[in-house]
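Protein chains in written order, with this note's numbering: chain A, 67 to 712; chain B, 67 to 712.
In this text, a Cβ means the ideal position worked out from N, Cα and C, and glycines have one as well.
Remember, it's a predicted structure, so these values are computed and weren't measured experimentally.
See below for the structure under consideration.
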């Protein structure tokens, strides 16, 4: 196993990309201040979150009951993590002071022995009594991630110390040794967080605890079967009574799990930790298992928009090739988790198939999760919506027809925010000899390489244009290192030039390796083929038989009612005709539309009866598609990704 | 309003139809004895029903708790009703002695004041405290229906008296007068039962009580909002917390309800009672409202198989033109209710559009609900099933991939049985001047008409053949009366001959009226066009755009995996080619198959990736379709009604 690639510090990356900057600026200027108000219950019209209030009660600063979900603390954690990423890139005294005040409350809510969780502290329910549903370890995990991020961003270690103390306590509580608690998280998350804590502190206990949690998972007899909630059918969440152990990936000993099962977020968080452990322990077998799981997801259980979770009930994977477009869950958080897992697998294997999926997830579902105003969010991301049906057929009661301000379970908005704030971690990876360019975002990045510092300046308008220009600045003359640029698998044709001349290069696992002596002001130009293309689905997916969609680079396109009228299911596109580019600078803040020819049913003469022998009449029409990530920014309406093919 | 048509007594009808007799014989010889064992908990491997045991406890013959659902008594009632229908046609001492023993228990379980319900009697929960969910009035309704049927079948009045005493008591309890309970049933059923009780006893109180229940429904403020279960969110059925008042048709004053909403079974039971009351009170406005509701169902919310209920959650109607084929509920009981409602509307209006739907419901979904062995049942009747998906995607967790022996909520099996046992009520109607032939079942029927007795002998092999021969026997020479024969709307071409000669007739609202002087041995021959046809769906139903199905007479056909392999969604049939008849005497006890030409995707070269640009390869193929009502009698496999059209 090669030494894994690393992230460079976020402060070394400055994203100035035209497309992404609007989202990233929204995080800094709109989302994070707005979320601070939300977790403080200062937003009129939004459901109360009780997040900060719970901490104040746990600190003894207020009287009251715990309110919100058992995992309500994680909203504060995810907000803190996103703030950390944001201020690491660009200091912001106001956000930092908000964060410090939240951290003071967190520290104040910690028990003497290190335990920290407002729900269990305030209610007095016995600790670790309901690992299946109680989310204590999940919550701890998000807190640890936030603490690590805040330490990296600011150098301040108060929060980190709080979480180390909690982790030290957990290390004493859990383990396979006699007398310890043999449990593990109902919702994986702490496993990957403990690896982060180990990496920043060097304390191996944290790695060992993560390893224990992962490796003991699913050992027979399953730990959860002896918890009160399962034994006595005494659930916090009533639907859990219907869930089998595969719901949280404890149905089989971990080493035997080779298909992605159960709750999608839980699954990809767990697999991310497995990838971390495979790398830390140089465990080839575990890595192969991670690859098998990743292959199962991306070759059999993933939507073209990079989302996962084919069913709402259980928010879960179902079976191979089962990808319904309108009843699916496709949670924004699951897409975040898939990007996390894929990025880890890339950093270990340097295989571009993983970063292709990172890009697919981020350019489609992640951004579809957030409105262009930065204040409205989707949890659920179907590929086909008919509002009248979604609002009246309870099979789709999880589907919202417009983005919501904030939800009772507010996992997705802060998860989207922290991912946007740390997009640099996905865009670049480094090792001592070079820089890997994974995403084509305009901006600059610096890296400290073995031979000296290097700075890259990317200029791109991707995926509207396939031209990626990379300006090189070196610390010394004649500095040797590698620039490895992802060659997306969709782009069969491409050219690479250095200083205007085609050069020799190695193409390996989807990366173009330019290993050479670099000098200041060298310029690399990569031209990818991002022309519009019709894409079809493997016909084992029954929902998409006879259908086609439009893509440009990683962007999946969709039809919206605003552009194409109602009854999008009656559209048949003519894939023998070219897809025409139509740039519309006024639409949605600037949008490259796709125009296609086809036919659509002429409504009006279909009559009142439901069933008859006559065939419908079709008429010629031109259809306009927009990137899926921008849908639903013009009010409620039909939307369709997979169109019938003429 | 014309005087409504009547049913003739079931003892006057003898069904000898080749197709239906196997089901009817199953009821007499298999289902009713089997269900007796089931309600007595004498069937190994079946879930316990506790039905009879609950009555024994309520009688004081056993000690114990009530077990089963709150409406568990109705299984006994529906069984008794079906037994009544069966023994009315063909005496059966054994079944009658079983029934008498059950009736003794029912009488023994009745309280001094007339109240009768094992759940409330055994638990001691306060009577009428939870009309929203408690099913007391619903249960009373099924008991009344059974008592009326048993009295008609045997002339014994013990059970009838028990139920009259209960109805007398309810008449004192409920009503709009001050001091009475202003409630009405959460689940309509007692309303139509009380009309039956009125018709058999002539006691107008029962009609008045029914009228009160129907007319007070939905009056503001809604009665249910003040019940403990709603006010304090203290539900028997946890999902009820999510249900709005439209779930049980109490969202609007009854007179304002013109679209079919909510739980499908509740809806059509209610509408059946509304039709009864429209007729009894000669209320043209109420009748027009019934017609509007019926039109809304059959023109916008009904599956081609005559089933209703587009969503599983709430087992309910959703919105116009929303007819998903794989996630629907389409409960067998709802089809029974639709046939009941439609038959009532026909008897009032003499309009064949209603009996067309009766036929559509009975020939497709009703029979699909029961296996050819008579011992296995479907509650849920989708039009498309892929077993691997239905078993692994919890969106379809209500869908069974094989028929079940008996369910926890055993409403459908006895409902199917009682409908089969009383099929004669649907097949014929009479008034004093004539006989209406609604269904084309071989057999004989007798009627006492104004001018004397008449007997008809039908010979048919419908819908395999379109020839219906009707032999006439008259009591006197030159007896004038009308034979009105339904002309199904699908059959545009037809001929009618009397004694071999084409004759004059009136065609009115889908019925061929033959009003003439009849003599013994006259013979009518009706030739309908039952040739196979391709049928399409109104394109406002997005699920069926570009699709086609095959019908023959009322039969809807489907493809099964057993005949056509997997991946039925990849079939495209060529509707320009003729549909070939293939009679197969060995298949499923004799089956007229339909053979169609088309193409299907050639699987094997589709590759491992999920998304790519290449189009799938199709190959020519011949497909074999069987009647939908016979599906799933050869083990688990894919099934598809709506096929893509080439």
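Cβ of residue i within 9 Å of any chain B Cβ
i: residue 714 of chain A; result: Any question about residue 714 of chain A goes unanswered here, given that chain A covers just 67 to 712.
i: residue 504 of chain A; result: no
i: residue 362 of chain A; result: no
i: residue 676 of chain A; result: yes
i: residue 600 of chain A; result: yes
i: residue 134 of chain A; result: no
i: residue 612 of chain A; result: yes
i: residue 663 of chain A; result: no
i: residue 647 of chain A; result: no
i: residue 608 of chain A; result: yes
Contact with chain A by residue i, beta-carbon distance below 9 Å
i: residue 636 of chain B; result: yes
i: residue 401 of chain B; result: no
i: residue 454 of chain B; result: yes
i: residue 116 of chain B; result: no
i: residue 459 of chain B; result: yes
i: residue 605 of chain B; result: yes
i: residue 265 of chain B; result: no
i: residue 332 of chain B; result: no
i: residue 633 of chain B; result: yes
Which listed residue (the options) has its alpha carbon closest to that of residue i
i: residue 183 of chain B; options: B:202, B:197, B:169 and B:430; result: B:202
i: residue 752 of chain A; options: A:654, A:610, A:399 and A:659; result: Because chain A is modelled from 67 through 712, residue 752 of chain A falls outside the range shown and cannot be assessed.
i: residue 579 of chain B; options: B:586, B:592, B:268 and B:587; result: B:592
i: residue 393 of chain B; options: B:453, B:433 and B:640; result: B:453
i: residue 138 of chain B; options: B:150, B:206 and B:509; result: B:206
i: residue 83 of chain A; options: A:651, A:384 and A:506; result: A:506
i: residue 538 of chain A; options: A:599, A:583, A:641 and A:663; result: A:583
i: residue 129 of chain A; options: A:136, A:645 and A:118; result: A:118
i: residue 704 of chain A; options: A:457, A:501 and A:662; result: A:457
i: residue 310 of chain A; options: A:288, A:321 and A:709; result: A:288
i: residue 281 of chain A; options: A:308, A:242 and A:263; result: A:242
i: residue 389 of chain B; options: B:371, B:404 and B:406; result: B:371
#### Entry: Completely contained alpha helix (DSSP H) runs for the stretch 207–273 of chain B, where each covers 4 or more residues
Secondary structure within the stretch 207–273 of chain B: the alpha helix (DSSP H) runs of 4 or more consecutive residues, fully enclosed, are 224–239 and 256–267 (chain order).
### Query
Should the stretch 245–258 of chain B be regarded as contacting the stretch 332–352 of chain B, the criterion being three or more beta carbon pairs within less than 8 Å?
Counting C-beta pairs closer than 8 Å gives three or more between the stretch 245–258 of chain B and the stretch 332–352 of chain B, which meets the contact rule.
### Query
At what residue ranges does the stretch 424–477 of chain A contain a whole run of the beta strand (DSSP E), taking only runs of 3 or more?
Those beta strand (DSSP E) runs which fall completely within the stretch 424–477 of chain A and span 3+ residues do not exist here.
### Query
Should the stretch 409–424 of chain A be regarded as contacting the stretch 433–448 of chain A, the criterion being three or more beta carbon pairs within less than 8 Å?
No, the stretch 409–424 of chain A is not in contact with the stretch 433–448 of chain A.
### Query
Mind listing which residues of the stretch 367–385 of chain B have their C-beta closer than 8 Å to chain A's C-betas, in chain order?
Under the 8 Å Cβ criterion, the stretch 367–385 of chain B contributes 368, 370, 376, 377, 378, 379, 380, 382, 384 and 385.
### Message
Tell me which residues of the stretch 667–701 of chain A have at least one Cβ-Cβ distance to chain B shorter than 8 Å, keeping chain order.
### Response
Here the close residues are 667, 669, 672, 673, 674, 675, 676, 677, 678, 679, 680, 681 and 682.
### Task
Pull out every residue of the stretch 291–322 of chain B whose Cβ sits closer than 7 Å to any Cβ of chain A, in chain order.
Cβ contacts with chain A come from 304.
### Message
Pairs of beta-carbons, one from the stretch 614–627 of chain A and one from the stretch 682–691 of chain B, closer than 8 Å: are there three or more?
### Response
With the cut-off at 8 Å, the stretch 614–627 of chain A and the stretch 682–691 of chain B do not touch.
### Query
At what residue ranges does the stretch 296–324 of chain B contain a whole run of the alpha helix (DSSP H), taking only runs of 4 or more?
Taking only runs of at least 4 residues, no alpha helix (DSSP H) segment lies wholly in the stretch 296–324 of chain B.
### Task
Pair every Cβ in the stretch 542–549 of chain A with every Cβ in the stretch 497–516 of chain A, then say whether three or more of these pairs are closer than 8 Å.
With a cut-off of 8 Å, the stretch 497–516 of chain A and the stretch 542–549 of chain A count as touching, because enough Cβ pairs lie within range.
### Message
I'd like the ranges of any beta strand (DSSP E) spanning at least 3 consecutive residues and lying wholly in the stretch 640–687 of chain A.
### Response
Listed in chain order, the complete beta strand (DSSP E) runs (minimum 3 residues) inside the stretch 640–687 of chain A are 646–650 and 657–667.
### Task
Select from the stretch 386–397 of chain B all residues with a C-beta closer than 9 Å to any C-beta belonging to chain A, and list them in chain order.
Answer in chain order: 386, 387, 388, 389, 390, 392, 393 and 394.
### Query
Can at least three beta-carbon pairs, one atom from the stretch 429–441 of chain A and one from the stretch 95–111 of chain A, be found at a separation below 8 Å?
Result yes; three or more Cβ-Cβ pairs closer than 8 Å.
### Message
When you compare the stretch 213–227 of chain A with the stretch 297–307 of chain A, are there three or more beta-carbon pairs, one atom per stretch, that lie closer than 8 Å?
### Response
Under the 8 Å Cβ criterion, the stretch 213–227 of chain A does not count as touching the stretch 297–307 of chain A, having fewer than three qualifying pairs.
### Message
When you compare the stretch 374–384 of chain B with the stretch 452–467 of chain A, are there three or more beta-carbon pairs, one atom per stretch, that lie closer than 8 Å?
### Response
The stretch 374–384 of chain B and the stretch 452–467 of chain A touch, with no fewer than 3 CB-CB distances between them shorter than 8 Å.
### Contact between the stretch 259–279 of chain B and the stretch 223–242 of chain B (3+ Cβ pairs under 8 Å)
In this structure the stretch 259–279 of chain B touches the stretch 223–242 of chain B; the number of beta carbon pairs closer than 8 Å is three or more.
### Complete beta strand (DSSP E) runs within the stretch 573–633 of chain B (minimum length 3 residues, chain order)
If we require 3 residues or more, the beta strand (DSSP E) runs fully inside the stretch 573–633 of chain B come out as 577–584, 589–594, 599–603, 613–618 and 621–626.
### Query
Contact between the stretch 344–351 of chain A and the stretch 677–686 of chain A: three or more CB pairs below 8 Å?
No: the two stretches stay apart, fewer than three of their Cβ pairs being nearer than 8 Å.
### Task
Using a Cβ-Cβ cut-off of less than 9 Å, list which residues of the stretch 473–492 of chain B approach chain D; keep chain order.
In the structure shown, chain D cannot be found, because the protein chains are A and B.
### Cβ pair count under 8 Å reaching 3, the stretch 350–357 of chain A against the stretch 600–613 of chain A
They do not touch, by the three-pair rule.
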